[in-house]
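2 protein chains.
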Amino acid sequence: MRHLAGRNEGIAPFRVMELMAQSRELEAQGKRIIHLEIGEPDFPPPRPVAEAGVEAIKNCPMGYTPAAGLESLRKSISDHYFRRYGVEVSPERIFLTPGASGAFVLVLALLLEAGDQVLMSDPGYPCNRNFVRLYDAEPVLIPVGPESNFHLTVEAIQNAWKDRTCGVWIASPGNPTGTIICQQQLQRIWEEVQRRAGFLLSDEIYHGLEYGRACASVLQYTQEAFVVNSFSKYFGMTGWRLGWLIVPEQAIAATTRLIQNLFISAPTHSQYAALAAFSADTMILLEQRRRRFEARGDFLYHALKRLGFGIPSRPQGAFYLYADCSRFSSNSERFCQDLLHRAGVAVTPGVDFGLRDAQTHVRFAFTTGMENLQEGIDRIRGFLQTI
Amino acid sequence: MRHLAGRNEGIAPFRVMELMAQSRELEAQGKRIIHLEIGEPDFPPPRPVAEAGVEAIKNCPMGYTPAAGLESLRKSISDHYFRRYGVEVSPERIFLTPGASGAFVLVLALLLEAGDQVLMSDPGYPCNRNFVRLYDAEPVLIPVGPESNFHLTVEAIQNAWKDRTCGVWIASPGNPTGTIICQQQLQRIWEEVQRRAGFLLSDEIYHGLEYGRACASVLQYTQEAFVVNSFSKYFGMTGWRLGWLIVPEQAIAATTRLIQNLFISAPTHSQYAALAAFSADTMILLEQRRRRFEARGDFLYHALKRLGFGIPSRPQGAFYLYADCSRFSSNSERFCQDLLHRAGVAVTPGVDFGLRDAQTHVRFAFTTGMENLQEGIDRIRGFLQTI
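For the record, the sequence lines run as chains A and B. Each residue of the first sequence is one higher than the last, beginning at 125 in this note's numbering. Each residue of the second sequence is one higher than the last, beginning at 125 in this note's numbering.
Right, dumping it as structure tokens:
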């Protein structure tokens, strides 16, 4: 067979996938595993959304939608931005995509040339680097830590910006840390990127899942940034594969051409179902779920602190806690292996998210109910006593 | 705003999109338009598929599936290859993707480096070129015509192969021509590509829609080619956005890493629904539909011939006829514009599909019922009398 393209060598498998395969094996042997590694909500799709999906299959035309998505859905998302952030985003700037994943494939095809450099935080979601590598561009990982709430700073961007740097990718609430970038920092980053004539890509897929301070959208400060969001997390529509991309006015024509070619259109029934995601009934339900995530996060935060993990602040957003396990191990992958095999608790090693302090951190996801969280903590306590 | 990446300049909009927008406008004014431009089946999803989709939303876990797809569906597709083509394709080599579009994004990321050249036919489906441009590689269009049934030949490949040529992309049944490559030609192309250590990508998305001779899969000759197929055409699941990619054994690991990163997974309910696509009930229905497509194609072929269009052979596959309109016009785009505005019939100009004889050809799609086809023909006859 012909050799594969060079970019494939740069794409590492997730350690957590291996771990998940092992935990499935243990479960097949009859062992009960507590899953604190899973990055998707454990709630079923909201009832009005599921009903609208069923209705769509039964009664809506199931061919392709327009390439950018149903006009009614683009309008609903536009309204959502006005209601939630007080910003006007015309529906023409909104493109429905097959998941946020599709939005990243699309927006980077629009922006990146081979050899370009994109600045992003370490730790960060590993796929983000690989989307950049897809176009033979280079992800430049900037180490961040508790001192900047695990987000990029203007100073860090200034230091890292080189000739081939073309833009900055921020994600708030972040994965694996769940931390929210403060509004002033977001605005200052935009100003810095603009001064350098770069692009700012703002990954806002965990918006809505926030506990305490509200997430600002970069669109509150500029209409020139690129924004990706998703129905998978806050809206609980994981498997429906529907996200969206917002582009500046001047990029509408190029984005339209590209999305016609790359995807034809996003899943039709998912789009009809998503129309119900903004209904009052759904919103009430999503707020209840948000509070349950918040309670879980708080419980896990205090319980893990008591066990000796270092966590700089209470959970701010998403459903993740990034915990310092250096009191117990300086090899996070080994630590996660042992925790799975000896205590039946699955968590994700820091090495999946970057290099900075990756061997002394692990990610806990609170995508499971309180009883499981309690049992997980009990098992971890028992495990820590043996090491 | 920052300049967009250079590749965007190479991506032309489809003329047919402009035409479709115009026909929507005419329809909004109350005019009735006969649509012979639409590249998707007009039938609703098969009943067992729709029911399985509804059932999935109601009762199946709606989170992500494994990145490569549901194991049961990969197994069903594997069985399909054995039943239909007599070849064994292990489920591990089958990857479910968001539409065939997703499969092309994926397979070319696996194969292409910047500057590589890929050979493909002209006329051909325009997106194919743009998938190649996505990775800054170069689509090399080889003119083909009736003399080779609109498919690549070994001789043409030999002549076009240069230092940077890395592979060949074939599509049978083809779009816009609907012609099927003969088995011997397919096998010889594989041998030639193998001799040159290139890759062969076989686009088989219209398989099943064949009228007369059966389509061979390239997998009947080699397990080293890359094959893309889809649930959108023969299986009637257009809006569900589900396709698949088959890779050689040695590419499984790299494909697995890439698909995890690029898509997470294909739509969950679409995968559950597709399990019903291979049921006996569905197969009976699909065979009935195939016969209806065949009858439509035959009707259109004879009717257009009588009107003076040149069509080298009866429809062989897909739901397209590529017709020579040189008796009436040497500007296919103008011809299609006039036909739409003066007779209310929408067809696609040859210029959307390449350069070879593109100004003297138009594509007719038979994705509408007999009555509409008859009315379309009557209108075209009236129109031709006025020019």
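All residues carry an ideal CB built from backbone N, CA and C; glycine is no exception. Values in this document were obtained by computation on a predicted structure and should not be read as measured data.
### Query
Run through DSSP, which three-state label would G441(A) get?
G441(A) sits in a strand when the DSSP states are folded into three classes.
### Query
Taking the C-alpha atoms as reference points, what is the distance between G154(B) and I162(B)?
Roughly 20 Å between the two C-alpha positions.
### Message
Give me, in chain order, the residues of the same chain whose beta-carbon lies closer than 6 Å to that of I135(B); leave out the 5 immediate sequence neighbours on both sides.
### Response
Excluding sequence neighbours, I135(B) sits near N254.
### Query
So the alpha helix (DSSP H) G166(B) belongs to, where does it begin and stop?
The sequence as given places Asp at residue 166(B); Gly does not occur at that position. Neither: D166(B) is in no alpha helix (DSSP H) and is coded neither H nor E.
### Message
By DSSP's criteria, A295(A) is part of a beta bridge. Which residues make up the other side?
### Response
Answer by DSSP bridge pairing, in chain order: D327(A).
### chain B contact for S225(A) (CB, 7 Å cutoff)
Yes, S225(A) counts as interfacial toward chain B.
### Residue nearest to L325(B) in terms of C-alpha spacing, selected from N252(B), W285(B), K357(B) and F477(B)
Taking only the C-alpha atoms, the option nearest L325(B) is N252(B).
### Query
Taking Cβ to Cβ, would you say F350(A) is nearer than 7 Å to V471(A)?
Cβ atoms of F350(A) and V471(A): not closer than 7 Å.
### Message
Any beta carbon from chain A within less than 7 Å of F387(B)'s own beta carbon?
### Response
Taking Cβ atoms only, chain A reaches closer than 7 Å to F387(B), which makes this a yes.
### Task
Run down chain C in chain order and give the residues with a C-beta less than 8 Å from the C-beta of E316(B).
Checking the listed chains, one finds no chain C in this structure; the protein chains it contains are A and B.
### Query
Is P263(B) helix, strand or coil by DSSP?
For P263(B), the secondary structure class from DSSP, reduced to helix, strand or coil, is strand.
#### Entry: C339(A) (DSSP reduced to helix, strand or coil)
Collapsing the DSSP output to three states places C339(A) in coil.
### Query
Among P169(A), A482(A), S147(A) and N132(A), which one has its Cα closest to the Cα of M407(A)?
The residue with the shortest Cα to Cα distance from M407(A) is P169(A).
### Message
Quick check: the segment 375-391 of chain B against the segment 221-230 of chain B, are at least 3 beta-carbon pairs closer than 8 Å?
### Response
Yes: at least three Cβ pairs fall under 8 Å.
### Rounded straight-line distance, which links the Cα of D481(B) to that of P427(B)
The amino acid occupying residue 427(B) in the given sequence is Ala; Pro does not appear at that position. Going from the Cα of A427(B) to the Cα of D481(B) covers about 22 Å.
### Query
Measuring CA to CA, which of Q498(B), E237(B) and F219(B) is closest to N132(A)?
From the listed residues Q498(B), E237(B) and F219(B), the smallest Cα separation to N132(A) is found for E237(B).
### Task
Would you mind working out which of R139(A), M144(A), H127(A) and F167(A) sits nearest E411(A), comparing C-alpha positions?
Ranking R139(A), M144(A), H127(A) and F167(A) by Cα distance to E411(A) puts F167(A) first.
### Task
Starting from S245(B), trace the beta strand (DSSP E) both ways and give me its first and last residue.
Taken as a continuous stretch (DSSP letters only), the beta strand (DSSP E) holding S245(B) covers Q241 to D246.
### Query
So with Cβ pairs under 7 Å, would you call R288(A) a contact of chain B?
Not closer than 7 Å to any Cβ of chain B, the Cβ of R288(A) fails to qualify, so no.
### Task
Starting from F219(B), trace the beta strand (DSSP E) both ways and give me its first and last residue.
It spans I218 to T221 - the beta strand (DSSP E) in which F219(B) sits, taken as one unbroken run.
### Query
So, S245(A) versus V278(A), is the Cβ gap smaller than 7 Å?
Contact: no.
### Task
Quick one: give me the first and last residue of the beta strand (DSSP E) that L520(A) is part of.
Look at the range of chain A in this structure, 125 to 511, and you will see that residue 520(A) is not part of it.
### Task
Please check if any C-beta of chain A sits within less than 7 Å of the C-beta of I408(B).
Contacts with chain A at 7 Å (Cβ-Cβ) do not include I408(B).
### Query
Taking only beta-carbon atoms, is Q151(A) less than 7 Å away from chain B?
In the sequence as displayed, the identity of residue 151(A) is Glu instead of Gln. By this cut-off, E151(A) is not an interface position.
### Task
Mind reading off the beta-carbon distance from P439(A) to G248(A)? Whole number of angstroms is fine, and I expect it under 8 Å.
The C-beta distance from P439(A) to G248(A) rounds to 17 Å, too long to meet the 8 Å contact threshold.
### Query
If we ignore side chains and look at the alpha-carbon of each, how far apart do I383(B) and W364(A) end up?
Answer to the nearest angstrom: the Cα atoms are 17 Å apart.
### Message
My output table needs one value for G360(B): the three-state DSSP class, helix, strand or coil.
### Response
Looking at G360(B) - three-state DSSP - the assignment turns out to be coil, as it is neither helix nor strand.
### Query
Whose Cβ in chain A lies nearer than 8 Å to the Cβ of E164(B)?
Those are G187 and Y188, listed as they occur along chain A.
### Task
Could you round the C-beta distance between I281(A) and V292(A) to whole angstroms and report it? I think they count as a contact, below 8 Å.
With 8 Å as the limit, I281(A) and V292(A) qualify as a contact, their Cβ atoms being about 6 Å apart.
### Task
Compare the beta carbon distance of V213(A) and I370(A) with 7 Å and say whether it is the shorter of the two.
Yes, Cβ-Cβ distance for V213(A) and I370(A) is below 7 Å.
#### Entry: Under 9 Å by beta carbon: chain B residues contacting D260(A)
Neighbours of D260(A) on chain B, chain order: E237, A238, Y259 and D260.
### Query
Is DSSP giving Y188(A) helix, strand or coil here?
In this structure, Y188(A) counts as coil in the three-state DSSP scheme.
### Message
Assuming P165(B) and K357(B) are in contact, meaning their beta carbons sit under 8 Å apart, how far apart are those beta carbons, in whole angstroms?
### Response
Indeed they touch by this definition, with Cβ atoms about 7 Å apart.
### Query
Does any residue of chain A bring its CB to less than 7 Å from the CB of L234(B)?
Yes - at least one Cβ of chain A is within 7 Å of the one on L234(B).
### Query
Whose C-beta lies closer than 8 Å to the C-beta of E262(A) among residues of the same chain, with five residues either side of it excluded?
Hits under 8 Å: G239, D240, Q241, V242, V256 and R288.
### Task
Run down chain B in chain order and give the residues with a C-beta less than 9 Å from the C-beta of A174(A).
What A174(A) touches in chain B: I181, K182 and M186.
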